[in-house]
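J.:
Protein chains in written order, with the working numbering: chain A, 362 to 762; chain B, 200 to 594.
Written as structure tokens, this is what we have:
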């Protein structure tokens with residue numbers, strides 16, 4: 362079996378398991394994408410990730426109906442489209458992209474944005490179910506402070522107590538230890554796969570990261586997830602050894618870093634546009650967002666790791682991080698997605714672009730789009746920007762030569 | 200009634216000329232000023248460190264310079280703050296506190312470091328997990344951290360004694376503001392919606408003891424005064440971020456709308472919770488924040504905002520709710536569908552209007568407001584119910 366086949370099988374299994382769990386009367390949680398799922402796995406609670414589901418709905422081009430459903434309920438079109446898709450789905454409960462069971466509890470972590478606080482608060486209110494919150498304060502300092510670690514650690518202990526109360530079972534610390542170990546190991550292999558794109562040409566077609574990401578989100582604490590990334594790394598190593606690039610029918614001419622979430626409804630269109638110009642996505646902030654590493658058993662380390670993701674860090678860190686990626690992955694150009702849904706990523710972009718370009722001399726473009734709302738993207742604008750990026754990179758090369 | 204009118208006029212002018220008001224307060228007190236972004240800045244700490252806390256809630260003007268940092272779909276209040284900062288309007292400030300309650304505020308705080316390096320910025324993060332035992336300790340730590348920053352900025356320490364004095368000073372000011380909102384509702388002929396807003400807004404720019412004294416004087420006069428001459432004002436509860444710009448306030452006054460009570464971030468939400476008398480000042484400040492309910496910027500299981508609005512309507516005998524939605528304000532936008540449903544269920548009529556602070560015209564609002572007022576006056580039928588519900592949503 363190839364890793365791609367395994368990926369699809371695991372995702373099918375993931376959603377089937379959740380539906381089956383619900384049928385058997387087991388607890389189902391809806392959780393944010395970078396949350397300490399270790400706690401839920403330990404308690405044998407089936408977890409579904411609305412962001413993943415919304416992305417899948419977007420990619421299958423069936424988001425619009427759900428967006429409109431939410432809008433008719435009074436949700437502004439300015440609100441995050443993942444939230445609008447999910448809050449619509451919560452009532453419609455049917456999507457051609459696949460279904461998920463309604464939750465019995467909500468597990469929310471605001472290290473990805475404060476939007477999820479509002480979104481999840483609304484789910485909990487509408488469904489009248491408990492919400493477990495791990496509040497991870499934004500890091501305006503460069504590093505995560507001890508003050509923040511104390512607060513997060515306190516909440517992890519609170520969450521454990523809340524889960525014990527909900528499940529009427531005591532928390533199994535030995536199992537927790539084991540899941541922490543698997544989660545860290547899976548994260549390590551996910552990172553290893555993404556690092557394969559350092560090779561020139563990259564054996565990794567970067568858009569694959571958007572697909573494999575589903576498993577690092579949904580199955581980080583499971584052995585199957587770990588096995589998938591090990592297999593993927595083996596395949597990439599073989600490709601690299603054979604000197605293969607990302608595609609059979611196109612050469613890798615330009616290497617780019619992608620900033621922001623994918624435009625799911627136009628995943629294939631954006632991919633094909635890039636490929637047409639020989640542009641391969643070799644770096645993004647995604648790999649590190651799930652490279653959540655800590656020693657098993659170390660709750661302070663866990664607290665720090667979950668607060669250390671890119672979007673929860675300050676602008677100086679963002680600039681350093683992107684500049685390092687440009688160097689490490691031999692990036693020629695940067696593509697910034699000004700994503701109508703994601704204010705936290707957007708409203709730092711302009712300053713980040715100025716500084717990263719100044720520091721690395723890479724070429725950059727920015728385009729308007731949205732992660733799931735098909736109405737906020739123009740393929741013509743995207744292609745014009747990409748064309749201009751390709752031309753500028755070419756000109757710089759000629760000037761350099 | 201000359202005296203209250205003079206004092207009312209004084210406060211309204213103070214609100215209309217923030218820069219001049221702040222400079223006058225600085226000159227009069229000999230103090231430096233520290234800017235305080237929305238929301239819930241620890242003004243007591245700023246005061247105890249010897250600074251004047253100055254509110255920063257945007258403004259009508261917006262220069263294209265904010266576009267160097269923020270996309271057009273950023274809320275107009277934050278675009279205005281960035282514009283004014285880049286244009287040097289805030290150059291009299293010695294520092295700025297930015298509590299980063301929403302994603303936009305997080306980014307604005309980070310952009311401030313880059314774009315306005317001459318004014319030091321101190322971002323603050325308030326706890327969202329208010330139900331957790333760890334939240335109070337964290338918030339106290341956060342206050343201590345900011346206290347130390349302010350001490351460095353002032354070049355002197357803050358004593359517990361001065362902190363107690365400051366806290367008491369602000370508690371007194373907040374209680375006078377609470378009293379004012381109650382009295383204003385009985386005198387809409389003297390305190391129109393616009394006047395009420397300006398009086399409350401001037402708090403942000405004035406020296407607080409002076410403000411408290413003047414407002415208390417107005418309260419005393421209002422208590423002596425007979426009730427409103429207008430026997431049939433249309434009383435509403437208003438909810439949202441803030442009741443601006445002037446174009447909107449003019450529409451409210453033209454329709455003789457009386458604000459029976461408000462649930463606005465810029466107004467009652469900052470003073471509606473009374474501080475406890477127990478614990479150290481920092482603990483009391485933390486408790487006052489953690490006791491806040493029904494606020495879109497604080498995560499709350501069970502979301503009590505709708506319940507609060509219904510209670511406010513019933514307690515004040517208001518005829519309906521005016522929802523002032525600041526465009527692109529995600530925390531406010533997320534709450535609306537939830538409390539709307541509760542207002543519908545309670546049969547309370549409401550009008551939803553979407554605003555930008557930079558808006559100078561309000562024709563479309565005017566027409567809808569007239570319709571709303573007419574319905575409130577003539578019938579008790581619920582605007583929120585019925586088949587034309589979407590007519591009340593301006594998109």
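Built from N, CA and C at the ideal position, the CB exists for glycine as well.
Terminal residues of the continuous beta strand (DSSP E) containing residue 549 of chain B?
T.: Here the beta strand (DSSP E) through residue 549 of chain B covers 549–554.
J.: Along the stretch 639–671 of chain A, where does the CB come closer than 8 Å to a CB of chain B? Name the residues.
T.: Listed in sequence order: no entries.
J.: What does residue 379 of chain B pair with, by DSSP beta-bridge criteria?
T.: Looking at the DSSP assignment, residue 379 of chain B forms no beta bridge with any residue, so it has no partner.
J.: If we ignore side chains and look at the alpha-carbon of each, how far apart do residue 454 of chain A and residue 585 of chain A end up?
T.: Computed Cα separation, rounded: 28 Å.
J.: Under 9 Å, do residue 686 of chain A and residue 724 of chain A count as touching if we go by C-beta distance?
T.: Cβ distance not < 9 Å, so residue 686 of chain A and residue 724 of chain A don't count as in contact.
J.: For residue 269 of chain B, return the contacting residues in chain A, with the cut-off set at a CB-CB distance below 8 Å.
T.: 708, 711, listed in chain order.
J.: I'd like the list of long-range same chain contacts for residue 578 of chain A, defined as Cβ closer than 6 Å, with 5 residues on each side in sequence excluded.
T.: Here the set comprises 394, 410, 413.
J.: Please go through the same chain and pick out, in chain order, the residues whose beta-carbon is closer than 8 Å to the beta-carbon of residue 345 of chain B, but skip the five residues on each side of it.
T.: The answer, listed in chain order, is 241, 244, 296, 321, 323.
J.: For residue 451 of chain A, count neighbouring C-beta atoms within 10 Å of its own C-beta (all shown protein chains included) and say buried if the count is 16 or more, exposed if not.
T.: Residue 451 of chain A comes out buried.
J.: By alpha-carbon positions, which one of A:576, A:541, A:694 ends up nearest to residue 616 of chain A?
T.: Taking only the C-alpha atoms, the option nearest residue 616 of chain A is A:694.
J.: Could you tell me which chain B residues have their CB closer than 7 Å to the CB of residue 499 of chain A, listed as they occur along the chain?
T.: Those are 299, 305, 324, listed as they occur along chain B.
J.: For the stretch 531–559 of chain A, enumerate the residues whose C-beta is nearer than 7 Å to any C-beta of chain C, in chain order.
T.: In the structure shown, chain C cannot be found, because the protein chains are A and B.
J.: If you count every other CB in all the chains shown that lies within 10 Å of the CB of residue 457 of chain A, and 16 or more means buried, which is it?
T.: Under this definition residue 457 of chain A is an exposed residue.
J.: Hey, quick one: how far does the beta strand (DSSP E) through residue 724 of chain A stretch, first residue to last?
T.: Taken as a continuous stretch (DSSP letters only), the beta strand (DSSP E) holding residue 724 of chain A covers 724–730.
J.: Any Cβ of chain B within less than 9 Å of the Cβ of residue 456 of chain A?
T.: Cβ-Cβ to chain B under 9 Å: no for residue 456 of chain A.
J.: In chain order, which continuous runs of the alpha helix (DSSP H) of length 4 or greater are located wholly inside the stretch 244–325 of chain B?
T.: Segments of the alpha helix (DSSP H) lying fully in the stretch 244–325 of chain B: 275–285, 302–314.
J.: From the DSSP output, in three-state form, read off residue 581 of chain A for me.
T.: Reduced to three states, the DSSP call for residue 581 of chain A is coil.
J.: So, using beta-carbon positions, are residue 451 of chain B and residue 525 of chain B closer together than 9 Å?
T.: Result no, Cβ atoms of residue 451 of chain B and residue 525 of chain B do not sit closer than 9 Å.
J.: To be precise: take each residue of the stretch 429–442 of chain A, compare its Cβ to all Cβ atoms of chain B, and keep it if any distance is under 9 Å. Which residues remain?
T.: Under the 9 Å Cβ criterion, the stretch 429–442 of chain A contributes 431, 432, 433, 434, 435, 436, 437, 438, 439, 440, 441.
J.: In chain A, what lies closer than 7 Å to residue 280 of chain B by C-beta?
T.: Within chain A, no residue comes near residue 280 of chain B; the closest Cβ sits about 13 Å away, beyond 7 Å.
J.: Could you confirm whether any beta carbon from chain B is found closer than 9 Å to the beta carbon of residue 746 of chain A?
T.: No, residue 746 of chain A lies away from the interface with chain B (no Cβ there is under 9 Å from its Cβ).
J.: Tell whether a beta-carbon distance below 9 Å holds between residue 545 of chain B and residue 400 of chain B.
T.: Cβ distance not < 9 Å, so residue 545 of chain B and residue 400 of chain B don't count as in contact.
J.: For residue 313 of chain B, go through chain A and note every residue whose CB falls closer than 7 Å to its CB, in chain order.
T.: Simply 676, 712.
J.: Are residue 508 of chain A and residue 494 of chain A close, meaning C-beta to C-beta below 9 Å?
T.: No, the pair does not count as a contact, with Cβ atoms beyond the cut-off.
J.: By the 7 Å beta-carbon criterion, what residues does the stretch 431–464 of chain B contribute toward chain A?
T.: Those would be none; no residue qualifies.
J.: Given this structure, state the Cα-to-Cα distance separating residue 365 of chain A from residue 305 of chain B, to the nearest angstrom.
T.: Their Cα atoms are separated by approximately 38 Å.
J.: What ranges does the alpha helix (DSSP H) occupy inside the stretch 495–536 of chain A, keeping only unbroken runs of at least 4 residues that lie completely in it?
T.: 507–528, all fully within the stretch 495–536 of chain A.
J.: Checking the sheet assignment: what are the DSSP bridge partners for residue 706 of chain A?
T.: In DSSP, residue 706 of chain A forms no bridge with anything.
J.: For residue 573 of chain B and residue 518 of chain B, I'd like the C-alpha separation in whole angstroms.
T.: In a straight line, the C-alpha of residue 573 of chain B is about 11 Å away from that of residue 518 of chain B.
J.: Figure out for me which residue from B:444, B:403, B:395 has the closest Cα to the Cα of residue 421 of chain B.
T.: Of B:444, B:403, B:395, the residue nearest in Cα terms is B:395.
J.: Listing by chain order, which chain B residues have their CB less than 7 Å from the CB of residue 492 of chain A?
T.: The answer, in chain order, is 500.
J.: Are the C-beta of residue 526 of chain A and some C-beta of chain B separated by less than 9 Å?
T.: No, residue 526 of chain A does not count as interfacial toward chain B.
J.: I'd like to know if residue 376 of chain A contacts chain B, where contact means its C-beta is closer than 9 Å to some C-beta of that chain.
T.: Not an interface residue.
J.: Would you grab the beta carbon distance between residue 701 of chain A and residue 272 of chain B for me? Rounded to a whole angstrom, and I think it's under 8 Å.
T.: Confirmed, Cβ separation roughly 6 Å.
J.: Between which two residues does the beta strand (DSSP E) holding residue 564 of chain B run?
T.: Careful: residue 564 of chain B lies outside any beta strand (DSSP E), inside the alpha helix (DSSP H) at 562–577.
J.: Using a threshold of 9 Å, state whether the C-beta atoms of residue 209 of chain B and residue 436 of chain A are closer than that.
T.: Taking 9 Å as the Cβ cut-off, residue 209 of chain B and residue 436 of chain A do not qualify as a contacting pair.
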